[in-house]
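Okay, so here's the structure we're looking at.
Here's what the structure looks like:
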């Protein structure tokens with residue numbers, strides 16, 4: 027190996043690592059946007075000084091979801107190296123998910139903030155207690171941090187269930203094409219259900235049982251949502267074989 031080659035080798039290796047990092051960040055940014063495009067649309071549909079029970083549950087979904095992602099960032103911090111090819115994307119998605127949830131949470135709070143609204147105090151309490159709890163569990167290496175993440179994630183999806191109108195007829199335009207929101211939601215739920223079960227089949231995945239259980243639960247939830255989003259269309263198709271009602 028010549029002196030020039032020896033000099034260029036570390037540079038090429040560094041460039042390769044930087045390129046790989048950019049690819050991972052770019053890919054996970056796209057994945058994060060894909061899964062959060064519907065919450066983004068939901069926030070844009072919020073009306074100032076108007077809040078329904080569905081909007082209330084949606085706000086708590088964002089709050090618990092943000093707290094859950096913070097806990098998962100702590101959870102994956104010990105296996106967050108770029109060389110952990112199987113888990114580093116999950117670590118990045120957790121960071122990006124926390125950022126997206128925080129931005130949407132701030133916008134939703136600003137748009138729906140009412141007189142003598144106590145949600146800012148609740149927000150500080152939930153986020154503060156989650157952050158302090160996750161920090162203490164991480165410092166003392168207590169394995170309960172995974173179950174804390176599971177609890178917050180499961181709770182956020184419960185609120186999302188309550189906040190979602192599975193008969194929503196809202197449509198949006200993309201490149202002069204009208205797209206019903208239920209089609210987008212159904213497709214996202216299909217992808218979420220598949221990834222919740224399949225991508226965990228990796229021998230080098232640096233995770234323990236808590237995250238696997240969480241992923242399986244989300245996979246089941248997404249599968250149920252696929253049916254809920256498609257149920258009206260399924261009923262409409264199946265009703266064609268029922269014949270006509272006998273009015274006699």
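Numbering (the numbering used here), first residue to last: 27 to 274.
The beta carbon of each residue, even a glycine, is placed where N, CA and C say it ideally should be.
Taking every protein chain shown into account, the CB of residue 146 has fewer than 16 other CB atoms within 10 angstroms, so this residue is exposed. For residue 93, the enclosing alpha helix (DSSP H) starts and ends at 79-101.
In the DSSP secondary-structure assignment, residue 197 is bridged to 206.
Residue 234 sits in coil when the DSSP states are folded into three classes, being neither helix nor strand.
Under the three-state reduction of DSSP, residue 138 is assigned to helix.
Going by DSSP, residue 165 is part of the alpha helix (DSSP H) stretching over 145-165.
Under a 10 Å Cβ-count criterion, residue 211 is classified as buried, with 16 or more other Cβ atoms of the shown protein chains found around its own Cβ.
In the three-state reduction of the DSSP assignment, residue 191 falls in the coil class, being assigned neither a helical nor a strand state.
In the displayed model, residue 266 falls within a helix according to three-state DSSP. Comparing C-alpha distances from residue 62 to each of 121, 126, 93 shows the shortest one belongs to 126.
In this structure, DSSP gives residue 74 a state outside helix and strand, which the three-state scheme calls coil. Taking 7 Å as the cut-off, the beta carbon of residue 180 is found no closer than this to the beta carbon of residue 100. For residue 168, the closest C-alpha among the options 255, 67, 236 is that of 236. Contact annotation, residue 120 with residue 92: C-beta distance approximately 11 Å; criterion of less than 8 Å not satisfied. Just so you know, the alpha carbons of residue 122 and residue 98 end up roughly 11 Å apart. Straight across, the Cα-Cα distance linking residue 69 with residue 209 is about 19 Å. Taking each of 199, 170, 164, 64 in turn and checking the Cα distance to residue 104, the smallest one comes out for 164. Three or more beta-carbon pairs drawn from the segment 171-190 and the segment 235-252 are found closer than 8 Å, and the two stretches are therefore classed as touching. The Cβ neighbour count for residue 136, taken over all protein chains shown within 10 Å, is under 16; the residue is labelled exposed. When the Cα atoms are used, residue 182 and residue 196 turn out to be separated by approximately 23 Å. By the neighbour-count criterion, in which 16 or more other beta carbons inside 10 Å mark a residue as buried, residue 139 falls on the exposed side.
For the pair residue 83 and residue 249, the CB atoms are not nearer than the 7 Å cut-off. Counting the other CB atoms within 10 Å of its CB gives residue 260 a total below 16, which places it among the exposed residues.
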